[in-house]
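A.B. asks: Numbers given in our numbering equal positions in the sequence shown, counted from 1, plus 19.
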Amino acid sequence: MGRVLGILFLLLVLFFGLAMMQGGKPGQSMASPAATADSLVGRPSISASFINEVLIACHSPAHGKGQTLYDLGVQYGIDPAWPLAFFLHESSCGTQGMAVITHSLGNLRCFSGSVCVNTVGNSCQPGQSCYAFFRSWEQGFEAWYQLIGNYYIKQRGLTTIARVIPVYAPAADDNDESAYIRAVTSSVAAWRSGRVLV
Numbered sequence: 020m021g022r023v024l025g026i027l028f029l030l031l032v033l034f035f036g037l038a039m040m041q042g043g044k045p046g047q048s049m050a051s052p053a054a055t056a057d058s059l060v061g062r063p064s065i066s067a068s069f070i071n072e073v074l075i076a077c078h079s080p081a082h083g084k085g086q087t088l089y090d091l092g093v094q095y096g097i098d099p100a101w102p103l104a105f106f107l108h109e110s111s112c113g114t115q116g117m118a119v120i121t122h123s124l125g126n127l128r129c130f131s132g133s134v135c136v137n138t139v140g141n142s143c144q145p146g147q148s149c150y151a152f153f154r155s156w157e158q159g160f161e162a163w164y165q166l167i168g169n170y171y172i173k174q175r176g177l178t179t180i181a182r183v184i185p186v187y188a189p190a191a192d193d194n195d196e197s198a199y200i201r202a203v204t205s206s207v208a209a210w211r212s213g214r215v216l217v
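#1: Assign S48 to one of three DSSP states: helix, strand, or coil.
#2: What did DSSP end up calling R182 once you bin it into helix, strand or coil?
#3: My assumption, with CB atoms under 8 Å, is that A100 sits in contact with V207. Please give the rounded CB distance.
#4: If you follow the beta strand (DSSP E) that V134 is in, where does it begin and where does it stop?
#5: Among the candidates Q86, L74, Y187, L177, whose CA atom is the shortest distance from the CA of P63?
#6: Where does A81 sit, in a helix, a strand or coil, going by DSSP?
#7: If you draw a straight line from the C-alpha of S123 to the C-alpha of P80, how long is it?
#8: Do you know how far the Cα of R175 is from the Cα of H82?
#9: Three-state secondary structure (DSSP) at R201?
#10: With a threshold of 7 Å on Cβ separation, who are the neighbours of A209 within its own chain once the five nearest residues in sequence on each side are excluded?
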C-alpha cells in the first residue's frame with residue numbers, strides 16, 4: 020500500500036510540475052498553442068512594445084496601437100506578428116495605398132455590413148474597385164482578426180500562411196502568392212529574433 024501511495028504521489032508531483040512548466044495551472048488547458056514557424060494560430064511571439072517599435076520604424080499613422088494589435092491577437096488566438104506582417108506588406112504599415120484612407124490593416128475588400136469606398140475614398144459605385152472603410156485603426160485591426168479567425172481558420176480550416184495567402188491574395192487578382200508568403204514569413208522570422216525590420 021505504501022508503495023502505491025508513493026507512486027501516486029510521484030505521478031501527482033510530475034503532473035503539477037509539467038503543468039507549471041507550461042505556464043498554466045494544473046487541469047487548465049492553454050487557450051492557444053505557442054506560435055510555430057508558419058501557423059497563424061498561437062500565442063503572441065512578439066510583445067506590444069515591440070509592435071510599437073515596428074510601427075514607429077515604419078512611420079506608421081497607427082503608431083502607439085501595438086497594445087490593441089497584441090490584445091486582439093490574444094483574443095482571437097492569432098499571433099499578432101502575422102497581422103503586423105500583412106500590414107507591412109499591404110501598405111507599409113498604413114503609409115501607402117488604400118490603407119491611408121480606409122484604416123484597413125490588410126486592404127480588405129468590401130464585405131456585408133462594411134462601409135465601402137472607391138480608390139479615391141468616395142462612395143463605391145457599381146463596377147469600381149472598392150475597399151472596406153473603417154473609422155479607426157482599431158476597427159480595421161479587429162475586422163482583419165475577425166476575417167482571419169472566423170472565416171479562414173474556423174470555417175475553412177486554413178491555419179498556415181501557405182494555405183491562407185492563395186485565398187487571401189490569389190494570383191487571379193494579380194498577386195504574386197509566393198512573393199507574398201516569402202515577405203510576410205521573412206518579416207515574422209526577423210521580428211521573432213528581435214530585429215526591428217521594415
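Glycine included, every Cβ here is placed at the ideal spot set by N, Cα and C.
Here the structure is a predicted model, which is why all the values come from computation and not from measurement.
C.D. replies: On the basis of the data shown:
#1: For S48, the predicted structure reports a pLDDT of 32, less than 50, and the residue's modelled location is therefore unreliable. The matter cannot be settled from this model.
#2: helix
#3: 5 Å
#4: 134-137
#5: Q86
#6: coil
#7: 12 Å
#8: 32 Å
#9: helix
#10: Only residues of its own chain outside the window of five on either side were considered, and among them L216 have a CB closer than 7 Å to the CB of A209, listed in chain order.
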